[in-house]
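Visitor:
Protein chains: 2
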Amino acid sequence: MQFADRLNNVETSAIRELFKLLGRPGIISFAGGFPDPALFDVEGIKEASNAVLTDAPGAVLQYGATEGYGPLREGISGFMANKGAKVTPDGLIVTTGSQQALDLIGKTMISPGDKVIVEAPTFLATIQCFRLYGAHIIGAPIDADGVDVDKLEKLIEEHKPKLVYLIPTFGNPSGATLSLQRRKRILEIAARTKTLVVEDDPYGELFFDTPPPPSLLALSGEVPGSREWLAHCGSFSKILSPGLRVGWLIAPPELLAKATMCKQFSDAHTSNLTQATAAHYLTLNRLDGALAVVRQTYAERARVMAASLQRELGDSIAFNAPQGGMFFWAHLTGANGKSTSAPEFAKRAIEKMVAFVPGAPFFAHDPDLSTLRLSFATVGVDRIEEGIARLGQAL
Amino acid sequence: MQFADRLNNVETSAIRELFKLLGRPGIISFAGGFPDPALFDVEGIKEASNAVLTDAPGAVLQYGATEGYGPLREGISGFMANKGAKVTPDGLIVTTGSQQALDLIGKTMISPGDKVIVEAPTFLATIQCFRLYGAHIIGAPIDADGVDVDKLEKLIEEHKPKLVYLIPTFGNPSGATLSLQRRKRILEIAARTKTLVVEDDPYGELFFDTPPPPSLLALSGEVPGSREWLAHCGSFSKILSPGLRVGWLIAPPELLAKATMCKQFSDAHTSNLTQATAAHYLTLNRLDGALAVVRQTYAERARVMAASLQRELGDSIAFNAPQGGMFFWAHLTGANGKSTSAPEFAKRAIEKMVAFVPGAPFFAHDPDLSTLRLSFATVGVDRIEEGIARLGQAL
Chain A
1 MQFADRLNNV ETSAIRELFK LLGRPGIISF AGGFPDPALF DVEGIKEASN AVLTDAPGAV
61 LQYGATEGYG PLREGISGFM ANKGAKVTPD GLIVTTGSQQ ALDLIGKTMI SPGDKVIVEA
121 PTFLATIQCF RLYGAHIIGA PIDADGVDVD KLEKLIEEHK PKLVYLIPTF GNPSGATLSL
181 QRRKRILEIA ARTKTLVVED DPYGELFFDT PPPPSLLALS GEVPGSREWL AHCGSFSKIL
241 SPGLRVGWLI APPELLAKAT MCKQFSDAHT SNLTQATAAH YLTLNRLDGA LAVVRQTYAE
301 RARVMAASLQ RELGDSIAFN APQGGMFFWA HLTGANGKST SAPEFAKRAI EKMVAFVPGA
361 PFFAHDPDLS TLRLSFATVG VDRIEEGIAR LGQAL
Chain B
1 MQFADRLNNV ETSAIRELFK LLGRPGIISF AGGFPDPALF DVEGIKEASN AVLTDAPGAV
61 LQYGATEGYG PLREGISGFM ANKGAKVTPD GLIVTTGSQQ ALDLIGKTMI SPGDKVIVEA
121 PTFLATIQCF RLYGAHIIGA PIDADGVDVD KLEKLIEEHK PKLVYLIPTF GNPSGATLSL
181 QRRKRILEIA ARTKTLVVED DPYGELFFDT PPPPSLLALS GEVPGSREWL AHCGSFSKIL
241 SPGLRVGWLI APPELLAKAT MCKQFSDAHT SNLTQATAAH YLTLNRLDGA LAVVRQTYAE
301 RARVMAASLQ RELGDSIAFN APQGGMFFWA HLTGANGKST SAPEFAKRAI EKMVAFVPGA
361 PFFAHDPDLS TLRLSFATVG VDRIEEGIAR LGQAL
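Protein sequences appear in the order of chains A and B. Number 270 in our numbering belongs to position 270 of the first sequence; there are no gaps in the numbering. Number 274 in our numbering belongs to position 274 of the second sequence; there are no gaps in the numbering.
Here you go:
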């Protein structure tokens, strides 16, 4: 059987293969990108699901609008307003998780050979998703304050990309957060060069102490012309439940209309049952309480991971402690004659019954083999200390 | 903003524009393709949703496998076995409605310029979905027994298509059912010419009196080599609820693996909550009872529609009464000096407060402007009689 040419650009992720090893009993895994299911507000979600199946079963179980379930579009509009971003309900569409928002952007925007700039490193599934549409992906370097804007500007001028994709807040895998000053510069560059910037923001609510800078979307009102070149992907996966598969896409009207048409032929619409459940949940006034617990829990786990890494691996590893989100991004320094190969380190770690993800797959090209990603989200503090101690032994 | 070239091939459906008119109070609509929500087994679905949120909230609300929720893959395997088709749970993946199964087939199989053969007429969203991947769509003629196999065989030999897409049972829009003899011949042609045949089967359970012939999938065991060239799309949308967005794709292992990779970057996975709800529902032994009511209700509506059409429009209209499904496919004969233009007829019908869909958009090329589609599924028998009487006045 001869498959489509577009598949030649993409392989099932190396990470997926690693994940098959994680089922072994006794392994402490920092490899995942999942939220902690013990923190899901099961009672609230159940109350919401029951309410909508009782109050509006005909609507919830029938076909629905491709754009999304009306009450949820209103609910997301209110949710975004609380985060300082003005979006009318018809300025967004509901997507089957924010992964579908990325897919619809790819389908709508990218012709084979088009260039796309992403952070180096960035979310692996974005690289693969865009490559399936034929994108030529170019990585822009980052530091602890997010993407290097001077270098990004030069890359935009050199390559004239179809779009720039960024995770400005508590990035995956970087954990980095773009500074306020850089956010404003990116909006200015987008407006001036007429380059679409896609802001992916699944982690923004997961801050530990103080909220991060406003999203590019929230700031776009301060930079004339920038809103016309800005798309924003959001998701309930990290703050409510990934199993519902409810995300959203905010974009300029013409782009949103084209993405809606593409969605019509992708999956017709997102489940009305899960959309209505999310919409009703937002009216229960339980989200703030649930989020407070998530923030506090993740903050403590991140603190313990930072302290354990310093204690157990010392100057053999370098990292910037994140201010929110789910990830540490680190690199092996080679100090004390230790290895700088994260893939080799990962193999030895698995032997010691502890797992993390080597950083190479997160680079679209020129991978830094000394890098690695550690997630603390699903591991209790005692197990974090134990797991990092094992890492120390493995190195 | 410059969009992807693939959008040049596709427009938002003409039908969608028509649907905006249907909100008018008092309109009797035969235009839809929706099941009757009054027949949804709301209590059963609610029981299932509650059970899974009580018994397995962590699994149901967490990220899940791209291939689908284990218990549902087992449930679908059993459901297909009852229909005479042997499929192991790992021989299928769960999709976000069967629309996504089509999208994944397009993404996996179709390179720009590839040829695809469909029935003329066929499901509109399939034409558009495949065109977004650059397919050149070729229509094969049908009659009351489904696609004309002699002509299909010649078209396959002439065009060497990437795949052939068929709705063999109670087709949309045709209402036609492929005869047993033709089914076997198609399987032989697929095996001999090594041409992928995609069987879309959302309506097969909606038979009125006697079950339809076995699916191509069920028959493939009788035709050596045919199973390797056969994909099958199924859905709970017409028999349980479209709002759950649960469908499935059955395909040879290599194709299924590639489609799974494409799904990973399309929406990661289908909602676990709706998958688990469907899986639990299947264990409640309520589906047969619910389906019996649906079959009886639709059968009566179809009988009334056939009688009303004959009484009110006489030999100005010709149609084959369907034996199941949701649709009448008809054409204006021009007898008695009446118009043969279905689009003009549709305009006059809307003035008389009754709606149907002109048939032209269901043809990939060379539309037959005298054709139209009428759905009886959501209209009670009194309103069917009234609506068809209005059609008589409009013609």
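Where a beta carbon is used, it is the ideal one built from N, C-alpha and C, also for glycine. All values derive from a computational prediction rather than experimental measurement.
(1) Would you grab the beta carbon distance between Met326 of chain B and Gly33 of chain B for me? Rounded to a whole angstrom, and I think it's under 8 Å.
(2) By the DSSP assignment, the alpha helix (DSSP H) with Arg227 of chain B in it spans what residues?
(3) Against Cys233 of chain A, what residues of chain B qualify as contacts under a CB-to-CB distance less than 8 Å, listed in chain order?
(4) Does DSSP put Leu332 of chain B in a helix, in a strand, or in coil?
(5) Give the DSSP-derived three-state secondary structure of Tyr165 of chain B in the structure shown.
(6) For Leu343 of chain B, which three-state DSSP category applies?
(7) If we define contact as Cβ-Cβ less than 8 Å, is Pro57 of chain A a contact residue for chain B?
(8) Any beta carbon from chain A within less than 8 Å of Arg227 of chain B's own beta carbon?
(9) State the CB to CB distance for the pair Asp315 of chain A and Ala302 of chain A, rounded to an integer number of angstroms; the pair is presumed to be in contact (CB under 8 Å).
(10) Roughly how many whole angstroms lie between the Cα atoms of Ser226 of chain A and Leu187 of chain A?
(11) So with Cβ pairs under 8 Å, would you call Asn50 of chain A a contact of chain B?
(12) How long is the line joining the alpha carbons of Ala191 of chain A and Ile167 of chain A, rounded to whole angstroms?
(13) Less than 8 Å between CB atoms is the rule here; does Pro242 of chain A satisfy it with respect to chain B?
(14) Quick one: what does DSSP say Thr126 of chain A is sitting in, helix, strand or coil?
(15) Could you tell me if Asp150 of chain B is buried or exposed, where buried requires 16 or more neighbouring beta carbons within 10 angstroms of its beta carbon?
(16) I need the straight-line Cα distance from Ser375 of chain B to Ser266 of chain B, nearest angstrom please.
(17) Measuring only from the beta carbon, is Gly225 of chain A closer than 7 Å to any heavy atom that is part of the ligand PLP?
(18) Kindly indicate if chain A contains any beta-carbon less than 8 Å away from that of Pro358 of chain B.
(19) Could you name the residues of chain A that Gln62 of chain B contacts, counting a contact when the two beta carbons are closer than 7 Å?
(20) Our contact map puts Leu438 of chain A next to Ala257 of chain A with C-beta atoms below 8 Å; I'd like the distance itself, whole angstroms only.
(21) Helix or strand or just coil, what does DSSP make of Phe79 of chain A?
(22) In this structure, how does DSSP classify Ile105 of chain B when only helix, strand and coil are distinguished?
(23) Leaving aside the five residues before and after Ala65 of chain A along the sequence, list all residues of the same chain whose C-beta is less than 7 Å from its C-beta, in chain order.
(24) Residues in the same chain with beta-carbon distance under 6 Å from Glu67 of chain A, minus the five sequence neighbours each way, listed in chain order, please.
(25) Considering only the alpha carbon of each residue, which of A:Ile156, A:Arg383, A:Gln181 and A:Ala231 lies closest to Ala85 of chain A?
(26) Can you confirm whether the segment 209-222 of chain A touches the segment 237-247 of chain A when touching is taken to mean that 3 or more C-beta pairs between the two stretches lie within less than 8 Å?
(27) CA-CA distance, Ser111 of chain B and Pro25 of chain A?
(28) Give me the Cα-Cα distance between Ser29 of chain A and Asp36 of chain B, rounded to the nearest whole angstrom.
(29) Give the straight-line distance between the Cα atoms of Thr283 of chain B and Glu351 of chain A, rounded to the nearest whole angstrom.
(30) Just curious, the alpha helix (DSSP H) that Pro253 of chain A is in, first and last residue?
(31) I'd like to confirm the pairing. Which residues does DSSP put opposite Gly26 of chain A in its beta bridges?
(32) Which one of B:Phe207, B:Val293 and B:Pro253 has the shortest CA to CA distance from Ile169 of chain B?
(33) Which residues of the segment 268-283 of chain A have a Cβ closer than 8 Å to any Cβ of chain B? Give them in chain order.
(34) Shorter than 8 Å from the beta carbon of Ala377 of chain A to some beta carbon of chain B?
(35) Please determine if the segment 233-240 of chain A and the segment 87-105 of chain A are in contact, where contact requires at least 3 C-beta pairs separated by less than 8 Å.
(36) Which residues does DSSP pair with Leu249 of chain B in a beta bridge?
Guide: In short:
(1) 7 Å
(2) Premise fails: Arg227 of chain B is in no alpha helix (DSSP H) and is neither H nor E.
(3) None at all; the shortest Cβ gap to chain B is about 13 Å.
(4) strand
(5) Reduced to three states, the DSSP call for Tyr165 of chain B is strand.
(6) In the sequence under discussion, the amino acid at residue 343 of chain B is Pro, which differs from the Leu named in the question. Looking at Pro343 of chain B - three-state DSSP - the assignment turns out to be helix.
(7) yes
(8) no
(9) Between Asp315 of chain A and Ala302 of chain A a beta carbon distance of about 20 Å is seen, past the 8 Å cut, so the two are scored as non-contacting.
(10) 5 Å
(11) yes
(12) 19 Å
(13) yes
(14) If DSSP states are grouped into helix, strand and coil, Thr126 of chain A belongs with the helices.
(15) exposed
(16) 32 Å
(17) For the ligand PLP, the structure offers nothing, since it holds no ligand at all.
(18) Output row for Pro358 of chain B: interface = no.
(19) Phe34, Pro37, Pro242 and Gly243
(20) The question about residue 438 of chain A has no answer, for chain A in this structure spans 1 to 395.
(21) helix
(22) helix
(23) For Ala65 of chain A, where only same-chain residues beyond five positions count, the Cβ hits under 7 Å are His269.
(24) Ile93 and Thr260
(25) Among A:Ile156, A:Arg383, A:Gln181 and A:Ala231, the Cα nearest to that of Ala85 of chain A belongs to A:Ala231.
(26) In the pairwise beta carbon analysis, the segment 237-247 of chain A is classified as not touching the segment 209-222 of chain A: fewer than three pairs are separated by under 8 Å.
(27) 44 Å
(28) About 48 Å.
(29) If I take the Cα positions, the gap works out to 42 Å.
(30) Pro253 to Gln264
(31) Answer is none; Gly26 of chain A lacks a bridge partner.
(32) The amino acid at residue 169 of chain B is misidentified as Ile; the sequence shows Thr. The option with the nearest alpha carbon to Thr169 of chain B is B:Phe207.
(33) Ala268, His269, Thr270, Ser271, Asn272, Leu273, Thr274 and Thr277
(34) So, not an interface residue.
(35) yes
(36) B:Ile93 and B:Cys233
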